[in-house]
Every structure is written in C-alpha cells, then in structure tokens.
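Novice: Structure incoming, see below.
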Amino acid sequence: MKLFKNLNFNKLKDGLGKTRSKIVDRISETLSGKAKIDENLLEELEEILITSDIGYDTSIDIIDQTRKELKKNTNRENTDVLETIKNELGRRLSKYGKDSTIEDDIDKYKPYVILIVGVNGAGKTTTIGKLAHNFKKSGLKVVIGAADTFRAAANEQLEVWAQRAGVDIVQSKTGADPSSVAFDTLNIAKNKNADVVMIDTAGRLHTKNNLMEELKKIKRVLSKVFDYAPNETLLVVDGNSGQNVIQQAKEFSKYTELSGLIVTKLDGTAKGGVIFQVSAELQIPVRYIGVGEGLEDLQNFDSESFVTALFTQN
Ligand SMILES: Nc1nc2c(ncn2[C@@H]2O[C@H](COP(=O)(O)OP(=O)(O)OP(=O)(O)O)[C@@H](O)[C@H]2O)c(=O)[nH]1
Ligand SMILES: [Mg+2]
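Residues 268 to 581 (this note's numbering) are what the sequence shown spells out, left to right.
As structure tokens, this is what we get:
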C-alpha cells in the first residue's frame, strides 16, 4: 500500500536553522580562507563536532575518515572537507531503518498497534495527534487510547488532538489502570475494524522503577488481545535535551524493547546533532521528527533529506 508520507523539505530546512548554525556554519567558517588542511585544522573541526551533540565517538570517527580521504588525495586543496563530513554523517544516519518504514508495514496487520513512551513533556501526546492526522490523510481508520491516566488534564489534551485529526479516542477516568485503558482500546479497535491503534502513556522518568514496570504490564495486556501487539514501541525524545536523550533511550530500552525513535522540537533547538548519535548508539531507526506544534508538523524521517536540509544554506 502506498501511504502518504509527510516530508516538507523547506519546513525541515527552516526548522534546522539553529542546528545548522552550530554545526555547518561553524565548519564553513573554520574552513574558509584556509589554503592548507593540516592537523590543527582537523582538530578544530573535531572539536566543533564534539560540541554539537554528535557524540564523541562519532565525531572522532568522522574526522578519521576525513583524514583518510585527504591522504588518498594527492592534491589536498581539492578535497571538499565539508562535503566529506556531510557524506560521513549521512552514511551513519542511514544505517538503521532503511529496509522498511512503518508506512510500508502498516497494512500487514489489522490493527497495527503503536505504543508511545517517553519522559515527561517530550511531546508524546502532540506527536500522537499529528501522527493520527497523517494516517487519517492516508485513508486509514485510527483509534487512539488515552492510557495516560496519571495527569488530570491528559484526557482533555488528547481529546482535543483526536478532534483535530478527526479520529476516535478511548479514555477512562483519571487514576484508572493504564493497562485497562490499553486493553479496552484494542478491543474497541477490533470491533471498529480499525487500521491503526496508538496508545498514549504518561510521561515517566526512566529512573522510576515502578513506572517502568507498568510499561511492561501495558505490553503484556496488548499482546493478550492481539498476540503480535504492539508492532511498535516508539520512544519520543525532546531534541532540546541533547545528551540526556542518549541516557533516556538507554534506560528505556533496559525495560522495554524499543523499535524506533521520534525526535521532537527540532524546530527550536541547536542540539539537533543528537540525532546522529542516538540512532547509532541504540541501533534503532529514527521514524519521525517534530518540526513545530501544528497538526502538519510531524515529518517522516528520511536520513538523506535530513542531511541535505541541514547542509543547505538559504
Ligand atoms: N516547537 C515544538 N514544540 C513541540 C513539538 N512537539 C511537542 N511540542 C510541545 O511540547 C510540549 C509538550 O508536549 P506534549 O505532547 O504534551 O508532551 P508529552 O510527552 O505528552 O507530555 P506528558 O504527557 O506531560 O509527559 C507542548 O507544548 C507541545 O506543543 C515540536 O515538534 N516542536
Ligand atoms: Mg502527554
């Protein structure tokens, strides 16, 4: 099935403005006017990468590759260092999740079940609203479950998003067992013959053991209705969190197997470089990225477009 994929290059390019200044502009400035690319210059570039949330190991590795490229080329002045760094970054980003996307697999299950997890305020509920909108636009029947029963306002917030997207929502009282909401949601989705189910969960600190155990219970309950469920457990992380994103992702994956990442708020942050690090460290794909607060602002993640957008000056 050919599904609608939301990818607006200009919006992505604009959204990545601050990250571009931090990475690409600094590299360009360092390179500009330098006739000779020597070891000092390479070290300067390495430092720029390390301080751009790309991660220490990745940064060292990229400069090593650049060094090798330079050695290969007898005429060093002709080596486009910026282009080499761009290619190296792109290569790392495209390593995971190239084979298939959620959109490719969604019609293989009915319903396709997506569990959304993450720390407080990462953007889970907003992302579910935007994703529901994208799926609906593709002609899919969507049901979302409000398994964040922790916060009083959580139901209302998800309900507003469900209305905006024009999809069904299943909810319960504040304080209800999140697993029971998840269970009801899947049964209702079954009766309605829905194509996709998304389960919203309460924000939880990865350091709180009992809350992390609760996620396991939600998963067990989902698999009681459909033995294959959930198809996806997506961790939502806030791009502004920089290095904390890595820590969160590692901790969550200790408790629950994650199938992919959603990185939000890339529009306002200079720390977008973290996307190069998180996928490599966790060895799972980035599936979607948030580039704003509106209904249209969740894009399918495509590594090539991301790197091109990041390296495109106006
Ligand atoms: N600029 C921008 N803001 C975003 C994006 N995604 C989410 N937000 C904002 O981030 C804030 C938190 O979003 P929520 O969706 O409520 O986050 P949550 O993870 O559900 O939060 P809890 O349920 O409290 O854990 C809201 O003000 C959103 O509008 C994004 O891609 N860009
Ligand atoms: Mg929420």
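Backbone N, C-alpha and C define an ideal beta-carbon position, used for all residues, glycine too. In this text, all values refer to a predicted model and were calculated from it rather than measured experimentally.
Quick one, which of 551, 478, 531, 379 has its alpha-carbon nearest residue 507's?
Specialist: For residue 507, the closest alpha carbon among the candidates 551, 478, 531, 379 is that of 531.
Novice: Between residue 516 and residue 553, how many whole angstroms is the CB-CB distance? I'm expecting something under 8 Å.
Specialist: Taking 8 Å as the upper bound for CB-CB distance, residue 516 and residue 553 are not in contact here, some 11 Å apart.
Novice: At a cut-off of 7 Å, is residue 392 close to ligand 2 when judged by its beta-carbon and the heavy atoms of the ligand?
Specialist: yes
Novice: What residues in its chain sit with their C-beta under 6 Å from that of residue 430, if we drop five residues either side in the sequence?
Specialist: none
Novice: Could you tell me which residues DSSP puts in a beta bridge with residue 421?
Specialist: According to DSSP, residue 421 bridges with nothing at all.
Novice: Would you list the residues sitting across from residue 566 in a DSSP beta bridge?
Specialist: Residue 566 is bridged to 556.
Novice: Which same chain residues end up closer than 7 Å to residue 280 when comparing Cβ atoms and leaving out the 5 residues on each side of it in sequence?
Specialist: Cβ within range, chain order: 576, 579.
Novice: List the endpoints of the continuous alpha helix (DSSP H) containing residue 512.
Specialist: Unbroken alpha helix (DSSP H) run through residue 512: 511–522.
Novice: Quick one: complete alpha helix (DSSP H) runs, 4+ long, within the stretch 432–463?
Specialist: 445–459
Novice: Measure the CB-CB distance between residue 274 and residue 566 and report whether it falls below 8 Å.
Specialist: At the C-beta level, residue 274 and residue 566 come within 8 Å of one another.
Novice: Going along the chain, which residues of its own chain have a beta-carbon closer than 8 Å to the beta-carbon of residue 467, five neighbours each way excluded?
Specialist: 383, 391, 392, 395, 411, 412, 413, 414, 415, 421, 425
Novice: If you drop the 5 nearest sequence neighbours on each side, which residues of the same chain put their C-beta closer than 8 Å to that of residue 368?
Specialist: 272, 554, 567
Novice: Smallest Cα separation from residue 526: which of 498, 376, 539?
Specialist: 498
Novice: Can you list, in chain order, the stretches of the alpha helix (DSSP H) that have 4 or more residues and sit fully within the stretch 299–358?
Specialist: Listed in chain order, the complete alpha helix (DSSP H) runs (minimum 4 residues) inside the stretch 299–358 are 306–317, 323–339.
Novice: When you compare only the Cα positions, how much space is there between residue 408 and residue 376?
Specialist: If you take the alpha carbons of residue 408 and residue 376, they lie about 13 Å apart.
Novice: Count the other CB atoms within 10 Å of the CB of residue 452; is the residue buried (16 or more) or exposed (fewer)?
Specialist: buried
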